[in-house]
Amino acid sequence: MEKSSSVLARLLAALALVAAVVAVVAIVSGPTSDESHLGHRHRSGQAKHEGEGEKQRTRAASYTVKSGDTLTAIAHKTGVPVAEILALNPEVDPQILIAGQTLKLR
48 MEKSSSVLAR
58 LLAALALVAA
68 VVAVVAIVSG
78 PTSDESHLGH
88 RHRSGQAKHE
98 GEGEKQRTRA
108 ASYTVKSGDT
118 LTAIAHKTGV
128 PVAEILALNP
138 EVDPQILIAG
148 QTLKLR
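Those letters in the sequence shown? Residues 48 to 153, by the numbering used here.
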């Protein structure tokens with residue numbers, strides 16, 4: 048009888064742990080109180096312009112890699128998606144960017 052209660056206690060402890068993890072994930076990933084009441088409403092009296100909030104694409108035709116740059120950082124700086132940078136520069140290894148290397152952006 049002692050062994051079955053020990054197994055039951057271990058099972059309940061494991062289930063409690065899983066429930067706690069699920070609760071923490073739900074709380075962390077849920078909207079904050081500031082975000083929850085905003086929803087998708089626009090600012091009063093102002094219409095949202097088409098494309099507002101989107102990063103403007105760079106007018107430069109190329110980008111020279113600096114030390115510490117990543118493709119994601121370059122895409123963010125220039126407004127050109129990573130996939131497009133890779134398509135324009137098939138010889139580039141996305142894991143190994145070399146400072147001074149020039150990437151085509153258009």
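Note that beta-carbon positions come from the ideal geometry of N, C-alpha and C, so glycine has one too.
Put simply, the backbone Cα of V112 is about 47 angstroms away from that of A66. In this structure, the alpha-carbon of G115 lies about 14 angstroms from that of T149.
Looking at Y110, A61 and S52, the one whose alpha-carbon comes closest to that of G147 is Y110.
Approximately 6 angstroms separates the beta-carbon atoms of L152 and A107; this is inside 8 angstroms, confirming the contact.
According to the DSSP assignment, K124 belongs to the alpha helix (DSSP H) that extends over L118 to T125.
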